[in-house]
Amino acid sequence: MISVIIPVYNVEKYLNECLNSVCSQTFENLEIILVDDGSTDDSSKICDEWSAKDSRVRVIHQLNAGLSEARNSGLKYCKGDYILYIDSDDSIEEDLVESLMNLIEKHNVDIAMCTHRLKVNGIVEKRPFNSKIITGTVNELLKFIFENGLWHAWGKLIKRELALEAKFIPRLIYEDYENTPRLLLNAKRIAISMDGRYIYSVRGDSIMEQRKKSTDVDFAKITDELLKLYEESNYSSDNKNFVCSFLFKQLVYNYHITISWNINKTNEFILYSRHLLRKEKSKWLKCSLISWKRKIAYLMIGYLPFLYDNIYRITHKARLNLDSQSEL
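Each residue of the sequence shown is one higher than the one before, starting from -19 at the first, in my numbering.
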């Protein structure tokens, strides 16, 4: 049996479509756990309605504790041999579960995952299904996972014991970014399907959309912890070098977004990012995949931040004005 864990919070507009796609799966041996995380709209009622008409649906009602705790609650009560997380405003193709289960059985892997397509304003991205399947050890595929944005919690069929070993940290923002690396550390082999069977809904009112102009300090703290995690791992030196480059590039990318829209000198993410670039200077200076141009930028952010920030805002003024006008 497969346990599908769906955290639910104020998604009355999207929940029926999500549950219809899950309950209509060609693979029917499912346990569908809906964790109502203190919804204040009709989401709770919709959950109970689905439970009444489909015996596979189980509802957990709890006080609002956040996305991480909602997923952990689902893990606590699930009984399946494999775990699949789905976000309640997303949907899946009718054969997603079956296709991932086939990958696990055929290739004897611990985790099977798939790529996703975007759904914007009710329109799903048109992309021909790609039949390409990639298998290997995590060490062999780590770079591919990062480069293709496959670090989300959703869209992965995970062996039960691995999921239980990688519970989510409560009240943490960007919880996927922190959780997936820990999950992968314990996996031996994985399979990746490039078929786009997971449909990711882009919502203007979603938490991630609201954070596009400002990054929470959790992102910098997670980067700090991931640098330690990978340094202590058994991954190859090439992978460690790649991850070091990737993590710092992502940190500074979000730093640029935040300083573009936020001039608050006490912004926690901005201050922590500068601190981290100073503290881990030896790591990024030694990293061969980080160009000297980037290294100079990192030095300036860490030690001459006000000069760097002003130069960045001035040199990117035209783009920032364009972005600002597009918001009107």
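Glycine is no exception: its CB is placed at the ideal position from the N, C-alpha and C atoms.
Checklist entry - Does the Cβ of Phe124 have 16 or more other Cβ atoms within 10 Å, making it buried, or fewer, making it exposed? => result Within the sequence shown, numbered from 1, the residue matching residue 124 stands at position 144. Burial call: exposed.
Next on the checklist: Buried or exposed for Met188, going by 16 or more other Cβ atoms inside 10 Å?
Outcome noted: Here residue 188 refers to the residue found at position 208 when the sequence shown is read from its first residue. Unreliable placement is indicated for Met188, whose pLDDT of 48 sits below 50; the coordinate value is still reported in the next sentence. The residue is exposed, with fewer than 16 neighbouring Cβ atoms inside 10 Å.
Checklist entry - Hey, out of Met174, Ala167 and Pro150, whose CA is closest to Gly129's CA? => result If you number the sequence shown from 1, residue 129 lands on position 149. Of the candidates Met174, Ala167 and Pro150, the one whose C-alpha sits nearest the C-alpha of Gly129 is Met174.
Checklist entry - So the beta strand (DSSP E) Tyr65 belongs to, where does it begin and stop? => result As a working note, residue 65 is residue 85 in the sequence shown. It spans Tyr62 to Tyr65 - the beta strand (DSSP E) in which Tyr65 sits, taken as one unbroken run.
Checklist entry - For the stretch 10 to 98, which segments carrying the alpha helix (DSSP H) assignment without a break, of at least 4 residues, lie completely within its bounds, in sequence order? => result 23 to 33, 47 to 57 and 76 to 87
Next on the checklist: Please state whether the Cβ-Cβ distance between Ile13 and Ile(-18) is less than 8 Å.
Outcome noted: In the sequence shown, counting from the first residue as 1, residue 13 sits at position 33. In the sequence shown, counting from the first residue as 1, residue -18 sits at position 2. In this structure, Ile13 keeps its C-beta atom at 8 Å or more from the C-beta atom of Ile(-18).
Checklist entry - Hey, is Met280 close to the ligand NAP, as in C-beta under 7 Å from one of its heavy atoms? => result The model on display carries no ligand, and the ligand NAP is accordingly not part of it.
Checklist entry - Skipping 5 residues on each side, what residues in its chain have a beta carbon closer than 8 Å to that of Leu287? => result Here residue 287 refers to the residue found at position 307 of the sequence shown. Closer than 8 Å at the Cβ level, and outside the excluded window around Leu287, lie Met280.
Checklist entry - Using a Cβ-Cβ cut-off of 8 Å (strictly less than) and excluding sequence neighbours within five positions of Asp61, which residues of its own chain qualify? => result Here the question's residue 61 lines up with position 81 in the sequence shown. Closer than 8 Å at the Cβ level, and outside the excluded window around Asp61, lie Met(-19), Ile(-18), Lys139 and Arg140.
Next on the checklist: Does Trp272 pass the burial test, meaning 16 or more other C-beta atoms within 10 Å, or should it be called exposed?
Outcome noted: Along the sequence shown, read from residue 1 onward, the residue named residue 272 stands at position 292. Counting of Cβ neighbours within 10 angstroms places Trp272 among the exposed residues, the total staying below 16.
Checklist entry - Can you tell me whether DSSP reads Ser253 as helix, strand or coil? => result Mapped onto the sequence shown, residue 253 falls at position 273. Ser253: helix per DSSP, three-state reduction.
Item to check | Given Met81 as reference, the closest of Lys112, Ile103, Thr295 and Leu137 once Cα atoms are compared | outcome: Residue mapping note: residue 81 aligns to position 101 of the sequence shown, counting from 1. Of the candidates Lys112, Ile103, Thr295 and Leu137, the one whose C-alpha sits nearest the C-alpha of Met81 is Leu137.
Checklist entry - Would Gly116 pass as a contact of Arg169 if the rule is Cβ separation under 8 Å? => result For the purposes of this step, residue 116 is taken as residue 136 along the sequence shown, with counting starting at 1. For the purposes of this step, residue 169 is taken as residue 189 along the sequence shown, with counting starting at 1. Closer than 8 Å, so yes.
Checklist entry - For Leu269, which of helix, strand or coil comes out of DSSP? => result Locating residue 269 in the sequence shown gives position 289, counting from the first residue. Here Leu269 sits in coil by DSSP.
Item to check | Cβ-Cβ distance between Ser19 and Ser71 below 8 Å | outcome: Along the sequence shown, read from residue 1 onward, the residue named residue 19 stands at position 39. Along the sequence shown, read from residue 1 onward, the residue named residue 71 stands at position 91. No.
Checklist entry - Under a three-way DSSP split, which group does Asp175 fall into? => result On the sequence shown, residue 175 is found 195 positions in, with the first residue counted as 1. The answer is strand: DSSP assigns Asp175 an E or B state.
Next on the checklist: Going by beta-carbon coordinates alone, are Val232 and Ala171 separated by less than 8 Å?
Outcome noted: On the sequence shown, residue 232 is found 252 positions in, with the first residue counted as 1. On the sequence shown, residue 171 is found 191 positions in, with the first residue counted as 1. Their beta carbons are not under 8 Å apart, which means Val232 does not touch Ala171 by this criterion.
Next on the checklist: For Cys267, tell me which candidate among Gly282, Asn221, Arg258 and Tyr235 has the shortest Cα-Cα distance.
Outcome noted: Stepping through the sequence shown from its first residue, residue 267 is reached at position 287. Comparing Cα positions, the closest option is Asn221.
Next on the checklist: Quick test of the definition: if touching needs 3 or more C-beta pairs under 8 Å, does the stretch 148 to 157 touch the stretch 42 to 55?
Outcome noted: yes
Next on the checklist: For Ala32, count the other beta carbons within 10 Å of its own beta carbon; 16 or more makes it buried, fewer makes it exposed. Which is it?
Outcome noted: Taking the first residue of the sequence shown as 1, we reach residue 32 at position 52. It counts as exposed.
Checklist entry - Whose CA, out of Cys3, Asn9, Ser225 and Asn244, lies closest to the CA of Asp289? => result Residue numbering aside, residue 289 sits at position 309 when the sequence shown is read from its first letter. Answer by Cα proximity: Asn244.
Checklist entry - Taking just the CA atoms, how far does Val104 sit from Tyr154? => result Walking along the sequence shown from the start, residue 154 turns up at place 174. Walking along the sequence shown from the start, residue 104 turns up at place 124. Separation of Tyr154 and Val104 (C-alpha to C-alpha, rounded to the nearest whole angstrom) is 24 Å.
Checklist entry - Where in the stretch 207 to 255 do unbroken runs of the alpha helix (DSSP H), each at least 4 residues long, occur, reported from the N-terminal end onward? => result 217 to 241
Next on the checklist: Could you check whether Ala133 and Asn159 sit closer than 8 Å to each other, using their CB atoms as the reference points?
Outcome noted: Start at 1 with the first residue of the sequence shown, and residue 159 comes out as number 179. Start at 1 with the first residue of the sequence shown, and residue 133 comes out as number 153. For Asn159 and Ala133, yes; Cβs fall inside 8 Å.
Item to check | 8 Å contact criterion, which Asp16 and Gln42 should meet: CB distance rounded | outcome: In the sequence shown, counting from the first residue as 1, residue 16 sits at position 36. In the sequence shown, counting from the first residue as 1, residue 42 sits at position 62. Asp16 to Gln42, Cβ: 7 Å. Contact.
Next on the checklist: Would Val197 and Phe249 be called neighbours here (beta carbons separated by less than 8 Å)?
Outcome noted: Here residue 197 refers to the residue found at position 217 of the sequence shown. Here residue 249 refers to the residue found at position 269 of the sequence shown. Yes.
Next on the checklist: Just to confirm the assignment, what range does the alpha helix (DSSP H) spanning Val(-9) have?
Outcome noted: Taking the first residue of the sequence shown as 1, we reach residue -9 at position 11. Looking at the DSSP string, Val(-9) is not in any alpha helix (DSSP H), and its letter there is neither H nor E.
Checklist entry - In three-state terms, what does DSSP make of Leu152? => result Counted from its first residue, the sequence shown places residue 152 at position 172. Correct three-state label for Leu152: coil.
Item to check | Where the alpha helix (DSSP H) through Thr295 begins and ends | outcome: Numbered from its first residue, the sequence shown carries residue 295 at position 315. Element bounds for Thr295: Pro285 to Thr295.
Checklist entry - Taking all protein chains shown into account, do 16 or more other C-beta atoms lie within 10 angstroms of the C-beta of Tyr283, making it buried, or fewer, making it exposed? => result By 1-based counting over the sequence shown, the position of residue 283 is 303. It is exposed - the Cβ of Tyr283 has fewer than 16 other Cβ atoms within 10 Å.
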